[in-house]
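Residue numbers (my numbering), protein chains in the order written: chain A, 39 to 394; chain B, 142 to 467.
Heads up, the thing below is written out as structure tokens.
Following this line, the structure appears as structure tokens:
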């Protein structure tokens with residue numbers, strides 16, 4: 039009986055910007071200046087929005103919320119690599135990515151203020167609402183992609199999940215379906231190293247999440263998720279392959295959750311602060327800004343200008359949210375079914391008798 | 142008019158809907174080339190090809206999850222779960238996402254999909270192949286749960302489910318798949334969801350049932366009426382949720398007496414809700430307590446003892462007699 043090696047694999051890692059903002063010329067996707075500036079604007083807006091949302095939560099103006107601080111490159115640069123007609127399927131830590139797709143800043147406030155109205159944006163017609171149940175959005179992304187492919191559309195789906203989600207059955211089932219169907223979908227895992235208090239080594243035995251793509255025979259790679267250029271390049275190439283009928287890709291973006299899981303969590307209980315300090319050196323905004331300065335398309339004057347613009351956008355969003363008082367009380371009854379249901383209408387009348 | 146079994150009726154409905162609407166596709170384990178383990182989807186693969194008659198990997202959660210994505214993106218997937226006993230893996234998606242798609246997005250995204258599955262006893266199979274767990278699905282807001290009882294109503298209700306703008310769990314009483322044939326209209330007319338069907342009219346007693354129990358109950362009533370001369374109204378519930386409480390209440394206000402026959406175990410089953418609705422809407426008309434004939438609150442026995450678990454003809458008959466005599 040012959041004994042032979044029937045499969046070998048390797049997993050590549052890509053970083054284009056170093057921690058000081060120096061660039062690998064060979065790998066640099068050489069994006070036009072306006073694209074680079076857009077990436078920076080989106081990441082900075084995401085960071086500032088998170089910071090303001092945190093303050094709003096602390097002062098009781100919104101409820102419990104997750105923040106994405108430190109992960110702005112992994113979702114923001116990825117979303118900017120999409121075409122307009124592509125679908126964005128997120129989890130709940132893609133603040134910059136949603137901004138990149140055009141979502142109004144007040145939408146986050148509405149969601150965390152307890153309004154379903156925050157879930158949809160006319161500016162981003164092909165973006166699904168937050169998915170709170172880990173990995174449950176992964177099979178949806180595959181279904182979206184299957185439908186697009188069946189109609190012969192040249193569109194792809196970008197689906198986000200986190201490291202914790204990769205332990206879920208839905209995650210594996212979804213990727214297996216996509217691989218089997220050659221569905222045009224890109225799975226981007228934001229590996230931020232912590233699932234609330236669970237570190238990676240308690241989550242899995244694998245050295246990388248990327249290598250799980252090997253098991254499904256799809257292209258896979260790991261990128262520096264705090265390097266906007268690396269994230270952009272990998273996502274763009276994967277989306278292009280998907281649209282060209284070459285099937286799905288798995289991208290693991292190595293990043294770090296700089297703050298708490300949600301406002302109800304205290305990472306001091308389980309996470310060494312020294313680790314967080316180490317990751318501060320790899321902050322995606324600092325690195326990218328240094329790169330822009332090196333390219334001579336950014337300087338200190340422009341910082342003030344951009345900060346001012348972002349601040350006024352957020353102020354306007356807060357003002358909109360503050361005035362959001364005229365909401366329809368019985369809206370839940372409007373959106374249960376697309377048809378009239380007698381017994382539900384009876385219950386609506388009862389609800390309205392007390393809802394004031 | 143040809144005579145058809147429920148299997149043939151459902152198969153015909155699928156053929157006609159796929160012909161009529163090219164966004165409809167069927168998917169599931171063994172549904173395409175093999176035509177489904179009960180042959181419900183026979184011939185669809187040959188007629189509509191592999192993209193619209195789709196054999197999937199063996200993963201119920203992945204099937205319903207992918208169906209939701211398809212539905213959001215313009216398709217109308219009709220999925221099959223091989224047996225309802227394997228459908229619990231779909232509950233996380235149904236409750237967590239499918240049923241919430243419309244409300245979560247204020248109707249911007251919707252989930253027009255149908256999840257078909259055979260349920261109930263009567264096929265002498267292994268464990269997990271005989272339960273009636275419609276209550277699990279019925280307890281999910283935003284979801285419709287439908288159970289037909291005859292070939293003709295299976296046909297009409299499936300057409301309605303596929304054309305409905307919202308997700309429908311369509312549970313097929315497998316005991317009735319080939320148990321009988323009936324005269325059949327294949328006119329592509331859809332039935333109405335959330336609407337009961339009056340099977341026979343009567344003045345003295347209202348009986349409510351659904352699925353495989355409907356046929357058994359109807360037989361018992363026929364004999365009972367012949368023996369006693371009582372006038373019995375029989376209602377086929379058809380949609381478990383959202384339930385048509387008003388038709389039932391109207392009947393009970395007329396007869397003053399009611400019996401509910403359900404295959405599922407007792408506690409918190411649909412019969413409980415029917416009795417609560419009668420309490421809400423017709424209590425003052427009652428001349429006797431409402432009786433329920435149900436399975437017992439035990440894990441579904443293997444098939445050697447199955448017939449003692451599922452309501453039998455004598456149990457149903459006694460319930461009718463006791464309620465009338467009260």
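Yeah, the Cβ is synthetic: ideal placement off N, Cα and C, and Gly gets one too.
Model, not experiment: these values are computed from the prediction.
- Restricting attention to 319(B), 225(B), 432(B), the CA atom closest to the CA of residue 144(B) is found in 319(B).
- Taking C-beta separations shorter than 6 Å and ignoring five residues to either side along the sequence, the partners of residue 255(B) in its chain run 219, 302, 303, 309, 311, following chain order.
- A Cβ-Cβ distance of about 27 Å is found for the pair residue 107(A) and residue 178(A), leaving them out of contact under the 8 Å criterion.
- Against chain A, the CB of residue 192(B) has a partner CB under 8 Å away; the residue lies at that interface.
- Neighbours of residue 288(B) across chain A, judged by C-beta separation under 8 Å, do not exist; the nearest C-beta is about 17 Å away.
- For residue 267(B), no alpha helix (DSSP H) segment is defined, and its DSSP state is neither H nor E.
- Taking a beta-carbon distance threshold of 8 Å, residue 375(A) counts as an interface residue toward chain B.
- Within the segment 186-259 of chain B, the complete alpha helix (DSSP H) segments of 4 residues or longer fall at 201-213, 229-237, 242-245, listed in chain order.
- Where residue 198(A) is concerned, there is no enclosing alpha helix (DSSP H), although the beta strand (DSSP E) around it starts and stops at 195-200.
- In the three-state DSSP reduction, residue 323(B) falls in the strand class (E or B).
- Apart from the 5 residues on each side of it in sequence, residue 223(A) sits with its Cβ closer than 7 Å to the Cβ of 179, 180, 183, 194, 195, 197, 216, 280, 286 in its chain, given in chain order.
- Counting along the chain, residue 215(A) sits inside the alpha helix (DSSP H) bounded by residues 207-219.
- Contact between the segment 175-191 of chain B and the segment 147-156 of chain B is present, with at least three C-beta pairs closer than 8 Å.
- With 16 or more neighbouring CB atoms inside 10 Å of its own CB, residue 290(B) falls in the buried class.
- Assignment of residue 104(A) by DSSP, reduced to helix, strand and coil, places it in the strand class.
- In the three-state reduction of the DSSP assignment, residue 413(B) falls in the helix class, which pools H, G and I.
- Secondary structure at residue 133(A): helix, using DSSP grouped into helix, strand and coil.
- In the pairwise beta carbon analysis, the segment 291-298 of chain B is classified as not touching the segment 368-382 of chain A: fewer than three pairs are separated by under 8 Å.
- Boundaries of the alpha helix (DSSP H) harbouring residue 81(A): 71-96, taken from the DSSP string.
- Judged by beta-carbon spacing, residue 144(A) lies beyond the 8 Å limit of residue 365(A), meaning their Cβ atoms are not closer than that value.
- Minimum Cα-Cα distance from residue 277(B) among the listed residues 410(B), 466(B), 458(B) corresponds to 410(B).
- Among the residues of the segment 173-197 of chain B, those with a Cβ less than 9 Å away from any Cβ of chain A are 192, 193, 195, 197, in the order of the chain.
- DSSP, reduced to helix, strand and coil, places residue 352(A) within a helical segment of the structure shown.
- DSSP, read as helix, strand or coil, puts residue 404(B) in strand.
- Per DSSP, residue 432(B) is not a residue of any alpha helix (DSSP H); the beta strand (DSSP E) it occupies stretches across 432-436.
- Burial check for residue 187(A): the Cβ neighbour count within 10 Å reaches 16 or more, so the residue is buried.
- The residue among 347(A), 368(A), 363(A), 375(A) with its C-alpha nearest the C-alpha of residue 86(A) is 347(A).
- Between residue 464(B) and residue 366(B), the CB-CB gap reaches or exceeds 8 Å.
- Look at residue 151(B) here: in three-state DSSP terms it is helix.
- Taking the Cα positions, residue 206(A) is about 38 Å away from residue 161(B).
- Contact annotation for residue 234(B) against chain A: 174 [CB-CB distance below 7 Å, chain order].
- Under DSSP, the beta-bridge partners assigned to residue 258(A) are 288(A).
- By the C-beta density criterion, residue 443(B) is exposed, having fewer than 16 other C-beta atoms within 10 angstroms.
- If you check each beta-carbon in the segment 181-194 of chain A against every beta-carbon of chain B, the ones closer than 8 Å belong to 181, 182, 183, 184, 185, 186, 188, 189.
- When CB distances to chain A are screened at a threshold of 8 Å, the residues of the segment 237-251 of chain B falling below it are 237, 238, 243, 244, 245, 246, 247, 248, 249, 250, 251, in chain order.
- Only residues of its own chain outside the window of five on either side were considered, and among them 271, 447, 451 have a CB closer than 6 Å to the CB of residue 262(B), listed in chain order.
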